[in-house]
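Contents: one structure, followed by commentary.
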Amino acid sequence: MIRRTIACAATILSAAAALHSPGVGAQQAHSFYVLHQRTVSLTAQYWNPILTHVGRKSGVPLELKLAKTAQEGNASAEAGRYDFLYTNHLFTPERDRLGYRVIARPAGPGIRSQIVVPLDSPIQSLQDLNGKEVGFVSPDGFTGYWLPMDALLRAKVNIKVVFTGNQEASSAQLRVNKIAAAGVNSSVMSRYGRREAFEYRALWTSEPYGDLCIMANPKVPADKVNAVKAALIDMVNDPEGRKILEAGADLLKMHGDLGFVAADDREYDNYRKFYRTTQVK
Numbered sequence: 001m002i003r004r005t006i007a008c009a010a011t012i013l014s015a016a017a018a019l020h021s022p023g024v025g026a027q028q029a030h031s032f033y034v035l036h037q038r039t040v041s042l043t044a045q046y047w048n049p050i051l052t053h054v055g056r057k058s059g060v061p062l063e064l065k066l067a068k069t070a071q072e073g074n075a076s077a078e079a080g081r082y083d084f085l086y087t088n089h090l091f092t093p094e095r096d097r098l099g100y101r102v103i104a105r106p107a108g109p110g111i112r113s114q115i116v117v118p119l120d121s122p123i124q125s126l127q128d129l130n131g132k133e134v135g136f137v138s139p140d141g142f143t144g145y146w147l148p149m150d151a152l153l154r155a156k157v158n159i160k161v162v163f164t165g166n167q168e169a170s171s172a173q174l175r176v177n178k179i180a181a182a183g184v185n186s187s188v189m190s191r192y193g194r195r196e197a198f199e200y201r202a203l204w205t206s207e208p209y210g211d212l213c214i215m216a217n218p219k220v221p222a223d224k225v226n227a228v229k230a231a232l233i234d235m236v237n238d239p240e241g242r243k244i245l246e247a248g249a250d251l252l253k254m255h256g257d258l259g260f261v262a263a264d265d266r267e268y269d270n271y272r273k274f275y276r277t278t279q280v281k
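Residue numbers for the sequence shown follow the working numbering, so the first one is 1 and each next one is one higher.
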């Protein structure tokens, strides 16, 4: 039943410009922006059942919002158009001042950035990438651009930048040898590799950073923020919520902890430190 619901939601919503969770009721829905690392359809398949469940449990209806590009989504966030967000793009000095606050994150140890090549690639080091095309998600991507580009600059490697649009597009272009290497989120890359039976290896891996987090707009009343936070965290303990999480994990080929845990802004201080010291301009 859960799988049928997920598939149906994706079929209906993938063609829409603004995707939303069904069954929000008469109450005005609160916008929930998701930085999509995968295709629009796959993102909708994963997130709509979660938002429907959390909206019903919290009494705060949630409407999924996706943007064509990360830059478009970030611009809307800067304009205050989203009530809740799932992203890691708001820790730059300029966006940090907007006041969005971290309330939760996916359970698990966090994420790393990697620069990867196909397993059979002749490239053995970062220096071997000199003059070659390397794929990145967008100029705003943290694990998919800022971290790997900083590593290349510090290694004094000059590459040709190719922006692909999202994490899995980078993986797909790498798989068919359209690019020599890709800067990726290691978790998204490993799940893509399992789904597509694609073998690769890492030339470079970053230190760990907090996963994409759920943030609340400061204009949203505290009682609603707390209700959404509680419903997200309780999903793993709720029989229906756990089934949704398990179906989502199976869809994306995710291994490890299920669900969401409480988080706060301090967990993302290493993002802020990175932006103060990076060589990327």
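A virtual CB, placed ideally from N, CA and C, is assigned to each residue, including glycine.
* Asked: For Gly183, which beta-bridge partners are listed by DSSP?
  -> As a working note, residue 183 is residue 183 in the sequence shown. Note: Gly183 sits in a beta bridge opposite Ile115.
* To do: With DSSP collapsed to three states, give me the class of Tyr82.
  => In the sequence shown, the residue the question calls residue 82 occupies position 82. In the structure shown, Tyr82 sits in coil (DSSP, three-state: anything other than H, G, I, E or B).
* To do: List the endpoints of the continuous beta strand (DSSP E) containing Met215.
  => Working through the sequence shown from its first residue, we reach residue 215 at position 215. Per DSSP, Met215 belongs to the beta strand (DSSP E) from Cys213 to Ala216.
* In the structure shown, what three-state DSSP assignment does Leu232 receive? -> Residue 232 sits at position 232 when you count from the first residue of the sequence shown. Residue state, collapsed to three classes: helix.
* **Segment limits, alpha helix (DSSP H) that includes Ser170** => Taking the first residue of the sequence shown as position 1, residue 170 is located at position 170. Ser170 -> alpha helix (DSSP H) spans Gln167 to Arg175.
* **CA nearest to the CA of Trp204, picked from Ser186, Glu246 and Arg101** => Reading the sequence shown from its first residue, position 204 is the one you call residue 204. That would be Ser186, whose Cα lies nearest to the Cα of Trp204.
* State whether the stretch 246–255 contacts the stretch 55–75, with contact taken as three or more CB pairs (one from each stretch) at a distance under 8 Å. => no
* To do: Determine the closest residue to Ile103 out of Leu153, Thr92, Gly141 and Asp83, with distance taken between C-alpha atoms.
  => The sequence position of residue 103 within the sequence shown is 103, counting from 1. Minimum Cα distance to Ile103 is reached at Asp83.
* Asked: Touching or not, the stretch 135–154 and the stretch 164–173, by the rule of three or more beta carbon pairs under 8 Å?
  -> yes
* Just tell me which of Leu35, Met189, Gly141 and Ala262 has its CA closest to the CA of Val280. => Here residue 280 corresponds to residue number 280 of the sequence shown, with the count starting at 1. Selected option, being the one with the closest Cα: Gly141.
* Is any heavy atom in the ligand FAD found nearer than 8 Å to the beta carbon of Ile115? -> Absent from the structure shown: the ligand FAD. Ligands present: none.
* **C-beta contact flag for Pro106 and Leu212 at 9 Å** => The count along the sequence shown starts at 1 and reaches residue 106 at position 106. The count along the sequence shown starts at 1 and reaches residue 212 at position 212. Yes; because the gap between Cβ atoms is below 9 Å, this pair is in contact.
* How big is the Cα-Cα spacing for Tyr46 and Tyr33? -> On the sequence shown, residue 46 is found 46 positions in, with the first residue counted as 1. On the sequence shown, residue 33 is found 33 positions in, with the first residue counted as 1. So the two alpha carbons sit approximately 13 Å from each other.
* Leaving aside the five residues before and after Gln127 along the sequence, list all residues of the same chain whose C-beta is less than 8 Å from its C-beta, in chain order. => Reading the sequence shown from its first residue, position 127 is the one you call residue 127. Here the set comprises Ala155 and Val157.
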